[in-house]
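So the structure is just underneath, and the comments pick up after that.
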Amino acid sequence: MGEAKRRRLLDPNYGQSRQPYIRQKITKTILNKQTAKEIASVFDLIIDDYELIKHHLILPVPSDQGDAADVINIIDPLEKAGELGAVLPKNSLPLTPIPLISPSVAPPSNQNPNSQLAPNHTSATLSNHWHEWVINSGVDPIVTELNVRSLSGSEIYEYLLYALPHTARRNDGRLRDSYLQRYAHINSAWWASGLDPHNDWLAMDWGRMKPDNPRAYWDKETQEQTQKPVKYESPPKTPNRVTYLRVPLHIWKLVSLRYDVPMPELITVTPEGEAVGFWAWVMAHPEIPVCLTEGEKKAGSLLTLGFVAIALPGIWNGRVGNENLERLHPDLVPIAQKGRKFTILFDYETKPKTKQQIFQATRRTAATIIQQGCQCEVALLPGPEKGIDDWVVALGKKADKAVTTMIADALTIKEYQQRFFVNRARGLRKYKPNCVVNTRYLSTVIRSLPQSGLVGLASDMGTGKTEILAMMRFDNPDLSFLNNGHRVTLLKNLSDRLQTAIYSAISCGDWAKAKALSITVDSLYKMANDLQAYDILFIDEACQYLAHLLKSKTCKEHRGAILEVLEYLVYNAKLVVLADAHLDDLTIEFFMRMRPDGEKPYIIKNEYRSGGRQVYWYEGKNSSAIVAEFHAQLMSGQKLMMVSDSKRFIKKLERALNDGTSIDDSDETSEPPEDRKLRVWAIHSENSGSEENVIFIREINIAIKDIDAFLITPSLSSGVDISSYHFDAVFGVFHAVSQSATECAQQLWRYRPDVPMYVWVAPRPPFGYAETNARRIKEKILQKNEMTAFLIRINRETGKRGAEKDWALDASCQIEGQRNWSINNLRADLRSLLEEMGNTIIPLGDGGDEATSRWMKAAGIAIDEEHYRKVANAKDIDSRTYNSRQHQDYLKPEEVLECEKFRIQDTYGMSVTPELVEQDDGGRLIKKIVALEAILATPLDMVTDDQGREFIPPPAIVAERDKSERERLAICTDWSNHSTAWLMRHRLGLRAVLMDLMAGVEIKGDEAMIQALADFSKRNASHVKGILNLTIPLSESPVWILGQFLWQLGLSTESRRPLLDGQRVRYYRLNTDDVEFAQQVLEYRQKQREDRERKRQDEQERNAAHKARMQAQYGISAPSTPPINEDGSNNWGGLDTDAELSDSWWDKVKYYARLAIERVEYGVESVKELLSTLTIDQRCGVMLEFEDFDPNKFAQLVDAAPDWVEWMA
């Protein structure tokens, strides 16, 4: 033993600080008493009845009064923190969910001598260290107390130089000058150390120090000091270790809840608050995943949220050796049992060199983990916060939800490598350009396109992509041309420029007669009965088009038919042209899947960048500062354009400007209203189709001359070029709710002249972190679909999929992942994109303007109140008028109000008042009441599946909704899976709670039924999130959790606190108004169902009587009802079978026949899958055409499937 170590071991202060207590070793016998994890999958959740495991803490009997005082001093603060409840059998205390302990409840006495940190410590240094960990990094105070110590003076050398050999000292025993000089700059620091996995989890001598005044980094190449500080110091002359932080009891409880792994029956809690044996428990349960992060504060922040986290001293310290012979760090080996999942979570970085270092360290660390037989994934922070602790603090109360989603969104190593090399989700990587140019206007260089195949035009905004197609139309007027787009305004603009007919101006039956036609993707399904092959198919803004096609709500009802028609059009068109400023691999791949086999795309890439602007960049928490600047410039006489991804924001700004009020009405020098009256023009989804806006957009370069402020939403984000100079600046306000960075840039560049831009982007999405892993998104969709299929008793395999092709589903999930990836950190992504485009970013700080916030808020309130009043006063319409309007592309404002009034009245069965309109919340309330109706309905009797498992099927009204939805919607991503949501609420025990509450029963927060519901919710938080989209923070109280479930059902609680036995006790009951309203609506819905059923029975009786009369009088059956066509019409009046219609139908059949012939090579099931998506008539036609076209393959098919005739049914 070295002299330094001997001196320190003899030091009584060292004895208290480094080994403050004697650990009771947790034996394997105790660990083996734990029960196995009970929920292995979502399917277990469906069919198994669990008993909620109760864990209790047995405190050792104190040997003397001093020890008893220590135990009491631990119990008292824990009880005050809400951790320990009513006493169970002797020496037992139940564990209940613990809220995150605030600084005020840290143990007042017997604090860990390893740390003097406290929030109110008299020493400024100690207080700063406590603040750094607890406030700035979000680490639990007791975790901080247990693992961190403030050092000063000689303590710095004692801790940091404990491992020095004899040669590091002089003969008199003192340290050599080199070491004294190296650390002489350190006056004070904090020291963090953990437990030793190789020494029965006892305290480890090794730790890390963070000086308050760090030394500068020494550059070995230049032999000079740099400006970069050495933030952390590790003990010299000894290998780096990893840090397993000490954990208090309530954190252990959070981890147990998060991963649904029971705690040991016997747990010793030391006087300092450590729950002994936590890491031994983790080691005994390889089903608990482990996070690896860089730094002790980051690990502490994750542990505070209930994630098991180990701190590495650096990104390279998870492995040892070199790349030729590399292995897992010895300190990680004890925890690396076969099958355990590790999640690597390093910092968010933007510097290319640092990003490369993190990538290499992650890749090589992951390789050593996999060598141990473990799984490894990589979680990526969205930014802009650098570390996980910074992100947690920035998110505040939303941290649990966001971090849980982000870690669940982790990538496999292969996915991580792909994302790293692709670098970001935009641009072409897989498909290389065939022609590269660099020109301001593409049409001056590219005079023609290939005559056939698929052509991609990747050229920046405003570079004349559309002009190439206009030239082709002019040179080849006889070629049939279809212009397909995703926005009406885009289509109308292109229709004029490309000289095509617009679909809304002619009847549906005449579309095929138009030589050149422009039509929205939403209306493609109407072409199903009259398809033709076009010479040229043009799709502008192809990336946005694809996202709209696969994800928009407006396509939902007919998405299957739209995809079927699009596939036919793309396959049969001679030339398909895709144009987009940010054309990417995913879009090219999607359309290539619909082209004939063997074809390769022809890509034209224009490297010209239309940037070069000055962009003034705002980074405040809200948009008040940029709105204040917008208003100030308007008042000074500037002409301005404002773009935003939020219709709500644009309407508020329009209202505030038109009202004529100043931002600060207290200003005595403000101008009179008539002097500051502005000419404001706004375009959004509610008015973009009006006659005046259609004219305005068509003549936009002239129309803008008469306005001061032009406000637009994504309704005018593409297809419109404002090339004439009028506006002095362009402002952009983006709330990170729906648009990716490329779509935001599209909006900003609608105005082509080179003027300054002012941009504010929300620091993060208002809804929190969204999933970016396409594989996991797809897995969740299919899993919920399969679960619902199981519950409503249809085939689980076929029930999890719709009519969509695999590549279409994959594309949908990839689009969602890519869009979420951009939106998660839109501020950084848009800034990066603008810099790539060659613009200059000028930061304007993170300030705000409170007066502007109040100004905009007042406008929002006025808009809402006016809307409620207008809906209530709108004219009454009947159901026929309402239904007919649902198929119109544009409704006048008064028609929108009339339809809204009818929907509300028809939904709730009561007269429409402004209060009811507000309560309806845009249709959200009725969805909640429908969910309430489902959970209150009596479930069916227990049934047993083919594997002998018992489960409770959902009520008929729930199952019928899912069956009806699957019959109506062909694409599985559009299914709501109501049965799965019902089952989750049923398993939570919510129905039993609701039955009592709806009957007027009052409850207390500590009742067993509520505790059980909360405990089950926390143990199955990932399932609750995946199915009900509700995040359950592990730190929240049972009453809060119950309140969240009730909110999803349109209910809320109220409470009272009567005085009982000298104490106030809080009782909760449902809000009386909510219950009365819900019951009234439920009674109305029940009456509607009874009326529908009575009408159905009456109709059946009439039909049966009619059939009997026909049979008795004429001896024949009654005529059948004609089938309903895809467009909703029927054939009551007969079907026109002229040659044109017949040829179109046979062209479609021939197309499917060719697909069937190609699928023979892949087996009978592949052909059968194709036929299952067609109508009976189409199937028969396909088989007839199949036999005529290729008799040999037809015979091959018949031999392989002799029962093929049954497929026709």
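Just so it is clear: in the sequence shown, position 35 is 36 by the numbering used here, and no numbers are missing.
Even for Gly, the Cβ is constructed at its ideal location relative to N, Cα and C.
| query | result |
| --- | --- |
| Between the CA atoms of LEU1083 and VAL1076 - distance to the nearest angstrom | 10 angstroms |
| Helix, strand or coil at PHE1195 [DSSP, three-state] | helix |
| Contact check, THR914 vs ILE927, beta carbons under 8 angstroms | no |
| Whole alpha helix (DSSP H) elements within the region 345-412, 4-residue minimum | 353-372, 389-396 and 400-409 |
| For LEU579, the first and last residue of its enclosing beta strand (DSSP E) | 576-581 |
| Given PRO1034 as reference, the closest of ALA204, GLY1027 and ILE1042 once Cα atoms are compared | ILE1042 |
| Cβ contact check for the region 756-764 and the region 612-623: 3 or more pairs under 8 angstroms | yes |
| Under the three-state DSSP convention, the category LEU329 falls into | strand |
| Nearest residue (CA-CA) to THR853, options VAL394, PHE650, ASN607 and ILE371 | PHE650 |
| Close Cβ partners of ALA362 (< 6 angstroms) along its chain, the five nearest in sequence each way excluded | ILE316 and TRP317 |
| Contact check, CYS556 vs ARG802, beta carbons under 8 angstroms | no |
| Cutoff 8 angstroms; reference ARG777; Cβ partners in own chain excluding five residues on either side | ALA409 and ASP410 |
| Rounded C-alpha distance that separates GLU276 from SER686 | Looking at the sequence provided, one finds Ala at residue 276 rather than Glu. Rounded to whole angstroms, ALA276 to SER686 spans 58 angstroms at the Cα level. |
| Per-residue DSSP class, three states only, for TRP282 | helix |
| With 16 other Cβ atoms within 10 Å as the buried cut-off, status of PRO597 | exposed |
| Identified DSSP bridge partners for PRO844 | TRP618 |
| Exposure label - TRP808; buried when at least 16 CB within 10 Å | exposed |
| Cβ-based neighbour list, ASP1128, same chain, cut-off 8 angstroms, excluding 5 preceding and 5 following | Note that ASP1128 scores 48 on pLDDT, short of 50, meaning its location in the model is unreliable; the coordinates nonetheless yield the value given after this. Same-chain partners within the cutoff: CYS509, TYR526, LYS527, ALA529 and ASN530. |
| Nearest-angstrom Cα separation, counted from ALA932 out to HIS487 | 33 angstroms |
| Closest residue to ALA775 among GLY818, ARG797, LYS781 and GLU787 (Cα-Cα distance) | GLY818 |
| Cβ-based burial, VAL231 [other Cβ within 10 Å; buried from 16] | exposed |
| Coil, strand or helix - LYS893 by DSSP | coil |
| DSSP three-state assignment for TRP317, whether helix, strand or coil | coil |
| Burial state of PRO1203 (16 or more Cβ within 10 Å) | exposed |
| Residue of ALA704, SER691, GLY849 and ILE1158 minimising C-alpha distance to PRO894 | SER691 |
| Cβ neighbours of GLY839 in the same chain (closer than 6 angstroms, five flanking residues each side left out) | ARG610, GLY612 and GLY613 |
| Cβ shell of HIS727 (< 7 angstroms), same chain only, five flanking positions each side left out | LYS640, ILE705 and LYS706 |
| Helix, strand or coil at LEU1142 [DSSP, three-state] | With a pLDDT of 41 at LEU1142, under the threshold of 50, the predicted position of this residue should be treated as unreliable, though the coordinate-derived value follows. Helix at LEU1142. |
| Cutoff 8 angstroms; reference THR445; Cβ partners in own chain excluding five residues on either side | GLY465 |
| 6 angstroms Cβ shell around GLN112 - same chain, five flanking residues per side excluded | Per-residue confidence for GLN112 stands at a pLDDT of 37, beneath the threshold of 50, marking its modelled position as unreliable; the derived number appears in the next sentence. So the list reads GLU146, once near-sequence residues are dropped. |
| GLY319 classed as buried or exposed, judged by whether at least 16 other C-beta atoms fall within 10 angstroms | buried |
| Cα-Cα separation, TRP1208 to VAL1183 | 12 angstroms |
| Secondary structure of GLU1008, DSSP reduced to three states | coil |
| Reduced DSSP secondary structure (H/G/I, E/B, other) of ALA502 | strand |
| Cα-Cα separation between LEU495 and PHE711, rounded to whole angstroms | 21 angstroms |
| Outcome for LEU1061 when other beta-carbon atoms lying within 10 angstroms are tallied against a minimum of 16 | exposed |
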